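*Asks:* Residue numbers (our numbering), protein chains in the order written: chain A, 1 to 213; chain B, 214 to 549; chain C, 550 to 1011. Just dropping this structure here.
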């Protein structure tokens, strides 16, 4: 069980105010809301990319993640914009994350092999990220997020950049990977269909506040 | 917290940069100490440059005395007094009569011995080395030259005149005071106002206005009456002449002087008297395109053929100098 | 203690300085945008080699002495004087740099989109209004600041074209030091200049938008043949002025120097190469340091607003700290130029380049990468090319600089200083002949930096 408490930040035009929010140890905890509800802000605050003005706490087992700097929180992330490193190949992108976490080489290689299989990315592994298609990029971004053996996986609107027909397939793929990797996941989305396929528990965000659990 | 992190991250590269600069400094440290056997002389850029008098003067001095002289570039003549604070020198060349009061105020100078100071006026710290009247240069056949200051306002000079700004140029300042002294301050400004349609350009320095003139963008330029000598001797172009004004022309005199904190002071004195020797005077005349102090030096050169107009003495100059700030502001606001 | 002159003396000057800089910068950005469309057109129609040639040609006004450009203005637009003349001259002097920087920004940010919009049949104007300008707003404001800073500290153009009312703060600074050695007023005025730019940077310094990643290819929709004249007109004016009397310079050649001409020039040519390379390399170092630190918020705006004080003051400060002569002089000049140019080029392009990497930095940070790993693997490979390109631009400046060099040097140590000395001693034509060497040399340096950027950029990407 992981608890986020007292997450508050004033962005000027709107406020985030979350007294308490539970993130599940298993499965997918979804944060759902219309655009402008503050989902991405919550996401940035949790990742440590923005700093809230008052201290919050985020108990994850014995650790308070809120007290750690971003790199030490050990989170895996897929941004809405994916943000693959365009000058690197798909493999280099994934490998970068393993190196960043200092994962031991043979272990990382084994993990990479299993991810290549699950995500079916073998055919374009040595292509530059910049020439990959939208679906391919997304799978690489997912592999990159997972190779560092994160505590938690964060997905920010992971399917919004895909065509409607690809989306269905992508959801199934993500579901499969999460199950295989056995990793607790936070999904941020505005799309109710995502919830149906993936979410274990849904929390709704509106105007910076949690309205229903 | 953010700032602390930034500072921590910044300290590494910054330290590296400082180390790098310090390293370069150390590696390139050349005798910061001045060599004692070399005379250090500071002057303005065009005097020091390869085309100016300095290189040949140095050669002649070496031949005559066996000693070395090193010329330092102060950039603009107006910066000599500032740059010599950082690079102490044994002598300076290039102060003019308008800057002498200022020079005495900002720096102590060595009294020159009787033997060389006989020509030194008005103070015996400053030795004149060349001079020329300021005036307007024109090309024969292009315009009928102006005959007096007030003639400059004649419609035949529409868009033809290149001037210099008194705030950044010595000849510009001489012209400005010339007008105000001759006509009185109020009338002088009225006259300048009437010059507006005739002025092609007011440049910040001599090179800008004279360049506009030689490139044909102006028909007459404020310069020195000696300027035609350059075109006659170097370019073999005889079209250039200086207009002679009936009221006479003010003179710009250039001075050499020795600062009180000179190191090779006696050698500096010898150097100043060398500057007044006929051979050195000839070099200064040719390279600086100015009249030598000793008229005999001109003999056998084109300088004898130049018009030397009557001297105009500015009686109200001290008064005008005192009101400089106010007059400059009026000059700016006039929008010439 | 820094002081300021009386308000009666200061206010009209301040007003003029600000007004002309503001309007000049606005006009330069508008013309520069049109020029950028022209540069794109050259690239699309005539190929990348022509586009690089056009690029370096359009930068010519930054190398040639400003007097040449002023003489060109007197010839081609003799009636354009006063405020309007100053504004047009400043805009034309900077249109090349603005076009070149804007073209790079367009290619970084919009290329994929521009192609897409073209295929989908979007109108050019519509695309500009709806997509290009909003996405490039950050860059456009940065370019505005860049030109504003240059014009704010301009000296020769306002006076020669604007008349005596064309007095800028820079003129006042020069006057204060020259007549009376009044450093406290000069420094006070310099602080005022600085404060003005800072204020503007805080007002305008919005973050550039994040780019839309896409393949780099022909950008047809953002190319327009009609933009070419805007890009190259100032260069053509200057070339025509240089060609006015092509053989007059040669006749002034041997005459009147104590040394042989070639001996004189060869030396200075080497020195000019040295200064432009060293200052360019220092700028690469400084820019990469900034990239490593990735300033944001207040620090970023401080950098955007930073401006070196007037050349006289900077020059004297350098001399004050460091008095060695000889090779040290060239190093001093290079360090001075690098320090002066770095904030300018940060505004011109670097801020935009860094902002385009923010997303990648964020993700890398969440993936656990340290600052140095991010720098080595993400930032360096994607920015070194741009840094070298910027250094190439700065090296052009270095070739043409005589303001700072003159104060720092103890004689005519570089080619630009020789050119200036020749102008000061009746030999304008010979000076103009040497300007050709200046142009050639600077083009060589520019291409070397540009090429180095390509090689380093692609090497670190494999």
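Every residue, glycine too, gets a C-beta built ideally from N, C-alpha and C. Only a predicted model underlies this, so the values are computations on that prediction, with no experimental measurement involved.
For the alpha helix (DSSP H) holding residue 444 of chain B, just list the boundary residues, first then last.
*Replies:* Locating residue 444 of chain B in the second chain gives position 231, counting from the first residue. Element bounds for residue 444 of chain B: 440-447.
*Asks:* Are the Cβ atoms of residue 215 of chain A and residue 32 of chain A separated by less than 8 Å?
*Replies:* Examination of residue 215 of chain A is not possible in this model, given that chain A is present from 1 through 213 alone.
*Asks:* Applying the 10 Å Cβ sphere with the 16-neighbour rule, what's the burial state of residue 494 of chain B?
*Replies:* By 1-based counting over the second chain, the position of residue 494 of chain B is 281. Buried, because 16 or more other Cβ atoms sit within 10 Å of the Cβ of residue 494 of chain B.
*Asks:* Which runs of the alpha helix (DSSP H) spanning at least 4 residues fall entirely within the segment 920-960 of chain C, listed in chain order?
*Replies:* 920-923, 929-949 and 952-957
*Asks:* Could you work out which residue in A:67, A:100 and A:58 is closest to residue 76 of chain A when comparing CA atoms only?
*Replies:* In the first chain, counting from the first residue as 1, residue 76 of chain A sits at position 76. Ranking the options by Cα distance to residue 76 of chain A, first place goes to A:100.
*Asks:* Within the 8 Å Cβ cut-off, does residue 724 of chain C reach chain B?
*Replies:* Position 175 of the third chain, counted from the start, is the residue given in the question as residue 724 of chain C. Chain B, which has a Cβ nearer than 8 Å to the Cβ of residue 724 of chain C, makes this yes.
*Asks:* Buried or exposed: residue 766 of chain C, going by 16 or more other Cβ atoms within 10 Å of its Cβ?
*Replies:* Taking the first residue of the third chain as 1, we reach residue 766 of chain C at position 217. Note that residue 766 of chain C scores a pLDDT of 42, beneath 50, so its modelled location is shaky; the value from the coordinates is reported in the next line. The residue is exposed, with fewer than 16 neighbouring Cβ atoms inside 10 Å.
*Asks:* Might you give, ordered along the chain, the residues of its own chain that have their beta carbon closer than 6 Å to the beta carbon of residue 807 of chain C, omitting 5 neighbours on each side?
*Replies:* Here residue 807 of chain C corresponds to residue number 258 of the third chain, with the count starting at 1. For residue 807 of chain C, the predicted structure reports a pLDDT of 49, less than 50, and the residue's modelled location is therefore unreliable. A value from the coordinates is still provided. Around residue 807 of chain C: no qualifying Cβ.
*Asks:* Which residue wins for smallest C-alpha separation from residue 734 of chain C, given the options C:933, C:932, C:551 and C:985?
*Replies:* As a working note, residue 734 of chain C is residue 185 in the third chain. Nearest of C:933, C:932, C:551 and C:985 to residue 734 of chain C, Cα basis: C:551.
*Asks:* The segment 276-310 of chain B: which residues have C-beta closer than 8 Å to a C-beta of chain C, in chain order?
*Replies:* So the close ones are 284, 285, 286, 288, 289, 291, 292, 294, 295, 296, 299 and 300.
*Asks:* Pull the bridge partners of residue 105 of chain A from the DSSP assignment, please.
*Replies:* Taking the first chain and counting its residues from 1, the one referred to as residue 105 of chain A is at position 105. According to DSSP, which records beta bridges pairwise, residue 105 of chain A is partnered with nothing at all.
*Asks:* Less than 8 Å between the beta carbons of residue 832 of chain C and residue 940 of chain C, yes or no?
*Replies:* Numbered from 1 along the third chain, position 283 holds the residue referred to as residue 832 of chain C. Numbered from 1 along the third chain, position 391 holds the residue referred to as residue 940 of chain C. Taking 8 Å as the Cβ cut-off, residue 832 of chain C and residue 940 of chain C qualify as a contacting pair.
*Asks:* Between residue 477 of chain B and chain C, is there a C-beta pair that is closer than 8 Å?
*Replies:* The sequence position of residue 477 of chain B within the second chain is 264, counting from 1. False, the Cβ-Cβ gap to chain C never drops below 8 Å.
*Asks:* In chain C, which residues lie with their C-beta within 9 Å of the C-beta of residue 319 of chain B?
*Replies:* For the purposes of this step, residue 319 of chain B is taken as residue 106 along the second chain, with counting starting at 1. Those within 9 Å of residue 319 of chain B in chain C are 729 and 730.
*Asks:* Find the residues of chain A that neighbour residue 912 of chain C, judging by a C-beta separation of less than 7 Å, and give them in chain order.
*Replies:* Indexing the third chain from 1 puts residue 912 of chain C at position 363. Correct list: 77, 79 and 83.
*Asks:* Are residue 772 of chain C and residue 827 of chain C closer than 8 Å when you measure CB to CB?
*Replies:* Within the third chain, residue 772 of chain C is the residue found at index 223, counting from 1. Within the third chain, residue 827 of chain C is the residue found at index 278, counting from 1. Taking 8 Å as the Cβ cut-off, residue 772 of chain C and residue 827 of chain C do not qualify as a contacting pair.
*Asks:* For residue 97 of chain A, return the contacting residues in chain C, with the cut-off set at a CB-CB distance below 7 Å.
*Replies:* Looking up residue 97 of chain A in the first chain gives position 97. 916, listed in chain order.
*Asks:* Label residue 410 of chain B either buried or exposed according to how many other C-beta atoms from any shown protein chain fall within 10 Å of its C-beta, with 16 as the threshold for buried.
*Replies:* Stepping through the second chain from its first residue, residue 410 of chain B is reached at position 197. Per the 10 Å Cβ criterion, exposed.
*Asks:* For residue 495 of chain B and chain C, any beta-carbon pair shorter than 8 Å?
*Replies:* Within the second chain, the letter at position 282 stands for residue 495 of chain B. No, residue 495 of chain B does not count as interfacial toward chain C.
*Asks:* For residue 874 of chain C and residue 267 of chain B, what's the separation of their Cα atoms in angstroms?
*Replies:* Here residue 874 of chain C refers to the residue found at position 325 of the third chain. Here residue 267 of chain B refers to the residue found at position 54 of the second chain. Rounded to the nearest angstrom, the gap between the Cα atoms of residue 874 of chain C and residue 267 of chain B is 19 Å.
*Asks:* Can you tell me where the alpha helix (DSSP H) holding residue 861 of chain C begins and where it ends?
*Replies:* Against the third chain, residue 861 of chain C aligns to sequence position 312. Unbroken alpha helix (DSSP H) run through residue 861 of chain C: 860-870.
*Asks:* Report the neighbours of residue 869 of chain C on chain B: residues whose CB is nearer than 7 Å to its CB, in chain order.
*Replies:* Residue 869 of chain C sits at position 320 when you count from the first residue of the third chain. The contacting residues are 299.
*Asks:* Compare the C-alpha of residue 909 of chain C against each of C:894, C:756, C:926 and C:899 and name the closest.
*Replies:* Position 360 of the third chain holds residue 909 of chain C. For residue 909 of chain C, the nearest C-alpha among the options comes from C:926.
*Asks:* Along chain C, in chain order, which residues have C-beta atoms closer than 7 Å to that of residue 74 of chain A?
*Replies:* Numbered from its first residue, the first chain carries residue 74 of chain A at position 74. Correct list: 917.
*Asks:* Does the beta carbon of residue 542 of chain B come closer than 8 Å to any beta carbon on chain C?
*Replies:* In the second chain, counting from the first residue as 1, residue 542 of chain B sits at position 329. Yes - at least one Cβ of chain C is within 8 Å of the one on residue 542 of chain B.
*Asks:* Going along chain C, which residues have a C-beta under 8 Å from residue 101 of chain A?
*Replies:* Locating residue 101 of chain A in the first chain gives position 101, where the first residue counts as 1. Neighbours of residue 101 of chain A on chain C, chain order: 916 and 917.
*Asks:* Bridge partners for residue 415 of chain B per DSSP, in chain order?
*Replies:* In the second chain, residue 415 of chain B corresponds to position 202, counting from 1. Under DSSP, residue 415 of chain B takes part in a beta bridge, and its partners are B:376.
*Asks:* To the nearest whole angstrom, what separates the beta carbons of residue 845 of chain C and residue 695 of chain C, a pair I think is in contact under 8 Å?
*Replies:* In the third chain, the residue the question calls residue 845 of chain C occupies position 296. In the third chain, the residue the question calls residue 695 of chain C occupies position 146. With 8 Å as the limit, residue 845 of chain C and residue 695 of chain C do not qualify as a contact, their Cβ atoms being about 20 Å apart.
*Asks:* For the beta strand (DSSP E) that contains residue 436 of chain B, what are its first and last residues?
*Replies:* The residue you call residue 436 of chain B lines up with position 223 of the second chain. Here the beta strand (DSSP E) through residue 436 of chain B covers 433-437.
*Asks:* For residue 643 of chain C, which residues of its own chain have a beta-carbon under 6 Å away from its beta-carbon, when the five flanking residues on both sides are left out?
*Replies:* Within the third chain, numbered from 1, the residue matching residue 643 of chain C stands at position 94. Take residue 643 of chain C, set aside five residues on each side of it, and the residues of its chain with a beta-carbon closer than 6 Å to its own are 577 and 696, in chain order.
*Asks:* On the criterion of 16 or more Cβ atoms from any shown chain inside 10 Å, does residue 383 of chain B qualify as buried, or is it exposed?
*Replies:* Reading the second chain from its first residue, position 170 is the one you call residue 383 of chain B. Residue 383 of chain B should be labelled buried.
*Asks:* By the three-class DSSP mapping on this structure, what secondary structure does residue 629 of chain C have?
*Replies:* Here residue 629 of chain C corresponds to residue number 80 of the third chain, with the count starting at 1. Residue 629 of chain C: coil per DSSP, three-state reduction.
*Asks:* 8 Å is my cut-off, CB to CB: does residue 65 of chain A come that close to chain C?
*Replies:* On the first chain, residue 65 of chain A is found 65 positions in, with the first residue counted as 1. No, because no Cβ of chain C sits closer than 8 Å to the Cβ of residue 65 of chain A.
*Asks:* Nearest to residue 817 of chain C by alpha carbon, out of C:1004, C:604, C:640 and C:958?
*Replies:* As a working note, residue 817 of chain C is residue 268 in the third chain. When only C-alpha atoms are compared, the closest one is C:958.
*Asks:* I'd like to know whether the C-beta atoms of residue 716 of chain C and residue 894 of chain C end up nearer to each other than 8 Å.
*Replies:* Numbered from its first residue, the third chain carries residue 716 of chain C at position 167. Numbered from its first residue, the third chain carries residue 894 of chain C at position 345. Contact flag unset, no.
*Asks:* For residue 750 of chain C and residue 854 of chain C, which I take to be in contact (beta-carbon distance under 8 Å), what is that distance rounded to the nearest angstrom?
*Replies:* The sequence position of residue 750 of chain C within the third chain is 201, counting from 1. The sequence position of residue 854 of chain C within the third chain is 305, counting from 1. Confirmed, about 3 Å.
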